[in-house]
Each structure stands twice: as C-alpha cells, then as structure tokens.
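**Student:** The structure's right below; bear with me while I get my questions together.
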Amino acid sequence: MLNRKIEEALNDQFNFEMYSANIYMSMAAYFDSINLTGLAGWMKIQYQEEMFHTMKFYDFINDRGGRVVMTALDAPPTDWATPLAAFENALAHERIVTGRINNMVTLAMEEKDHATVNFLQWFVAEQVEEESSVDAVIQKLKLMADAPGGLFMLDRELGQRVFTPPSAGE
Ligand code: FEO
Numbered sequence: 018m019l020n021r022k023i024e025e026a027l028n029d030q031f032n033f034e035m036y037s038a039n040i041y042m043s044m045a046a047y048f049d050s051i052n053l054t055g056l057a058g059w060m061k062i063q064y065q066e067e068m069f070h071t072m073k074f075y076d077f078i079n080d081r082g083g084r085v086v087m088t089a090l091d092a093p094p095t096d097w098a099t100p101l102a103a104f105e106n107a108l109a110h111e112r113i114v115t116g117r118i119n120n121m122v123t124l125a126m127e128e129k130d131h132a133t134v135n136f137l138q139w140f141v142a143e144q145v146e147e148e149s150s151v152d153a154v155i156q157k158l159k160l161m162a163d164a165p166g167g168l169f170m171l172d173r174e175l176g177q178r179v180f181t182p183p184s185a186g187e
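Those letters in the sequence shown? Residues 18 to 187, per our numbering, in order.
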C-alpha cells in the first residue's frame, strides 16, 4: 500500500513523463518541418521511450494499490532556433527529470518505502543513459558547427535509431 505522499509523487512523475513525451514529439515536429527527418525519427523514438516510462509509473501505482490520476499538462515548446538549441533543451529537460527522480528516491527512503526505492533504481540508471545519449548528439552538433554538410550525415545516422522495449523485469 502506498502512503499519500508517495502516491502523489508517483502520480506527479507519471504526468511529468507524459509531458516529457510531448516535448519530444514537439521536437520531432520541428525537425520534420525543416526536413531533418532522421533527427525527427530520433525524437519519435524518444517519445516512445517516455511513454514507456509513463507506463512503468502507471503499472507501479496500480500494483501498489494506488490510483492513477491524470492532470492537465503544460504545452510543450514548439520552435527552436537551431537543431543544437533543441538538443540543448532536451538535455536541460533530462537534468530536471534526473533531479525529480533523485528527490523521489530521497522521499521514499525517508518514508521507508523500500518497494518504491527499488522501483526507482531503474530510473536512476535510465537517467544516466538519457542524459548521455542526448549529450552525445550535442557534442556531434557542436563539432560540425563549421561544416553544415555534417548535419546531413548526422541526420542519416540518427534516423537509424529504433525503439527497443526493455525486456520483462527491467
Ligand atoms: Fe523519462 Fe527522458 O526521462
């Protein structure tokens, strides 16, 4: 059984993961609007990852006898000055998510809710991966700042990304 504070925090993050998904779909739309379809594809995979995160919170809240409650979400940003600006926005967002997950771990430890602490460990590891994968793209975009032809190559490379759902139990 979840205590009220933990249930609210889990629900808050459930909604925030869905907001994260919307941000990445908005970034996909931005990239498609400037014909960078590979970068758009990368963002659509990111959208799927965020919906996977969303459903992990959904299932955990239910498994613990809680009640999932959806709330209104802020509208995501819709335009960025450059591809680099969009990815820098993505990294800033992921750092916010990491901070939120860390705060939830602290709360769950204070509340002695070991099941929630254990559940959140998957997200602690996932956030390392999330920040790293976005930062890798940022570094490439910075490297090619003076060679716009590189953007064409990067668009092709990122367009190869596929969504691989983590296996059961992860
Ligand atoms: Fe669900 Fe990208 O953090």
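Positions of the beta carbon are idealized from the N, C-alpha and C atoms, including for glycine.
Between Gly166, Met44, Val154 and Ala153, which has its C-alpha nearest tryptophan 97's C-alpha?
**Tutor:** Nearest of Gly166, Met44, Val154 and Ala153 to tryptophan 97, Cα basis: Met44.
**Student:** Among residues of its own chain, excluding the 5 on either side of glycine 167, which ones have a beta-carbon nearer than 6 Å to its beta-carbon?
**Tutor:** The answer, listed in chain order, is Met161.
**Student:** Taking 8 Å as the cut-off, is the beta-carbon of valine 122 closer than that to any non-hydrogen atom of ligand 1?
**Tutor:** False, no ligand heavy atom lies under 8 Å from that Cβ.
**Student:** When the Cα of alanine 89 is compared with those of Glu66, Met35, Met72 and Leu108, which residue comes out closest?
**Tutor:** Of the listed residues, the one whose Cα sits closest to alanine 89 is Met35.
**Student:** Starting from aspartate 49 and walking both ways along the alpha helix (DSSP H), at which residues does that stretch end?
**Tutor:** Here the alpha helix (DSSP H) through aspartate 49 covers 21-50.
**Student:** Taking leucine 19 and arginine 81 to be in contact with their CB atoms under 8 Å, please state how far apart those CB atoms are, rounded to whole angstroms.
**Tutor:** The Cβ separation is near 5 Å, so the contact holds.
**Student:** Buried or exposed: where does glycine 116 fall if 16 or more other Cβ atoms within 10 Å of its Cβ makes it buried?
**Tutor:** Glycine 116 is exposed by the Cβ-count criterion.
**Student:** Determine whether the beta carbon atoms of leucine 171 and glycine 55 lie at a separation below 9 Å.
**Tutor:** Cβ distance < 9 Å, so leucine 171 and glycine 55 count as in contact.
**Student:** Can you have a look at aspartate 130 and say buried or exposed, based on whether 16 or more other CB atoms are within 10 angstroms of its CB?
**Tutor:** Under this definition aspartate 130 is a buried residue.
**Student:** Examine ligand 1 and report whether any of its heavy atoms sits within less than 8 Å of the Cβ of glutamine 63.
**Tutor:** Answer for glutamine 63: yes, Cβ within range of ligand 1.
**Student:** Does the pairing of the region 137-152 with the region 104-115 give three or more beta-carbon distances under 8 Å?
**Tutor:** The answer is yes - the region 104-115 touches the region 137-152, with three or more Cβ pairs under 8 Å.
**Student:** Which ranges would you report for the alpha helix (DSSP H) in the region 59-127 if only whole runs of at least 4 residues count?
**Tutor:** With a minimum length of 4 residues, the continuous alpha helix (DSSP H) runs that stay inside the region 59-127 are 100-127.
**Student:** Grab me the residues of tyrosine 75's own chain with a C-beta within less than 7 Å of its C-beta, minus the 5 sequence neighbours each way, in chain order.
**Tutor:** Once the five neighbours on either side are set aside, the close Cβ partners of tyrosine 75 are Phe31 and Val85.
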